[in-house]
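First the structure, in the form of structure tokens, and then the observations on it.
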Amino acid sequence: MADRKLIAGNWKMNGTHADLERFGAYAELAADAPQQVRVALAVPHTLLFSAAERAAGSRLGIGGEDCHANENGAHTGCVSAPMLHAAGASFTILGHSERRADQGETDADVKAKAEAALRAGLDLIICVGETEAERDAGDAESVVGRQLAGSIPECNPARLTIAYEPVWAIGTGRTPTVEDVAAMHDHIRSALAARFGEAGQGVLILYGGSVKASNAAELLSASNVGGALVGGASLKIEDFRPIVEAAA
Ligand code: 13P
Numbered sequence: 131m132a133d134r135k136l137i138a139g140n141w142k143m144n145g146t147h148a149d150l151e152r153f154g155a156y157a158e159l160a161a162d163a164p165q166q167v168r169v170a171l172a173v174p175h176t177l178l179f180s181a182a183e184r185a186a187g188s189r190l191g192i193g194g195e196d197c198h199a200n201e202n203g204a205h206t207g208c209v210s211a212p213m214l215h216a217a218g219a220s221f222t223i224l225g226h227s228e229r230r231a232d233q234g235e236t237d238a239d240v241k242a243k244a245e246a247a248l249r250a251g252l253d254l255i256i257c258v259g260e261t262e263a264e265r266d267a268g269d270a271e272s273v274v275g276r277q278l279a280g281s282i283p284e285c286n287p288a289r290l291t292i293a294y295e296p297v298w299a300i301g302t303g304r305t306p307t308v309e310d311v312a313a314m315h316d317h318i319r320s321a322l323a324a325r326f327g328e329a330g331q332g333v334l335i336l337y338g339g340s341v342k343a344s345n346a347a348e349l350l351s352a353s354n355v356g357g358a359l360v361g362g363a364s365l366k367i368e369d370f371r372p373i374v375e376a377a378a
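In this note's numbering, the protein residues as written are 131 to 378.
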């Protein structure tokens, strides 16, 4: 368990069909990674079907970045979990801080989406993380604890991955110290163990927020860090490859 790692890229609102020309290199990277290191990419809805087609039969996992809590209906512009699954996604990110901030998603919203994703056969990457003001006020652990309690649905923990992404570290080039990452991941592990018992020990806890080639090895070696959720550095294979290599 402890030696199992997941390096997941989150393309966010980046990429068009033309960028899928480079997908072969991501599939190769996944294929070359040691057995205990899995590689995945979450891509915009518009790319899912083609990305999944290109990744078919490879070790590269493909997922979505969000889904609606309903299966279908009058929700203009939204995409449901069964739609993601039918397009070839095997997982989806939920509760990313950018969605919590931009779309006002609450823990209850994230939980409802997560339930929909599970029903559709998608595994979950649920994101949590404090703002800078919350950290400065000494509230980081209580904020993350509340997000975990409110966002995680009743589920088989084997289908759950948590991503700890301090909001102030996303896209800023700043990261917490390795000690702070370890302390938060230990805190999340305790919450998962309290919730799921022994099975909570097996849930991967990813770190996300300005992960790059130069800091990946150190962050990935911290206590209870089971991998990374990578934004900017997942967009180019040259930046992503060393992060996957650091996990090996
Ligand atoms: P960056 O790696 O660009 O900081 O983004 C992290 C993130 O939000 C991944 O979900």
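Glycine included, every Cβ here is placed at the ideal spot set by N, Cα and C.
- CA-CA distance, residue 250 to residue 353, rounds to 33 Å.
- For the set 371, 172, 152, 356, the Cα lying nearest the Cα of residue 133 is the one of 356.
- The three-state reading of DSSP puts residue 226 in coil, since its state is none of H, G, I, E or B.
- Look at residue 300: its beta carbon is less than 7 Å from one of the heavy atoms in the ligand 13P.
- Between residue 135 and residue 165, the CB-CB gap reaches or exceeds 8 Å.
- Judged by DSSP secondary structure, residue 345 falls within the alpha helix (DSSP H) whose first and last residues are 343-350.
- Looking only at 371, 254, 350, 246, the smallest Cα-Cα distance to residue 158 is reached by 371.
- For residue 305 and residue 359, the gap between their C-alpha atoms comes out near 13 Å.
- With fewer than 16 other Cβ atoms inside 10 Å of its own Cβ, residue 344 counts as exposed.
- Residue 376 is a Cβ neighbour of residue 350, given a cutoff of 8 Å.
- In this structure, the beta-carbon distance from residue 192 to residue 140 does not fall below 8 Å.
- Residue 265: member of the alpha helix (DSSP H) spanning 262-266, first to last residue.
- Judged by their CB atoms, residue 215 and residue 177 are not nearer to each other than the 8 Å cut-off.
- As summarised for the stretch 242-305, the continuous beta strand (DSSP E) elements at least 3 residues long and confined to that stretch are 253-258, 290-294, given in chain order.
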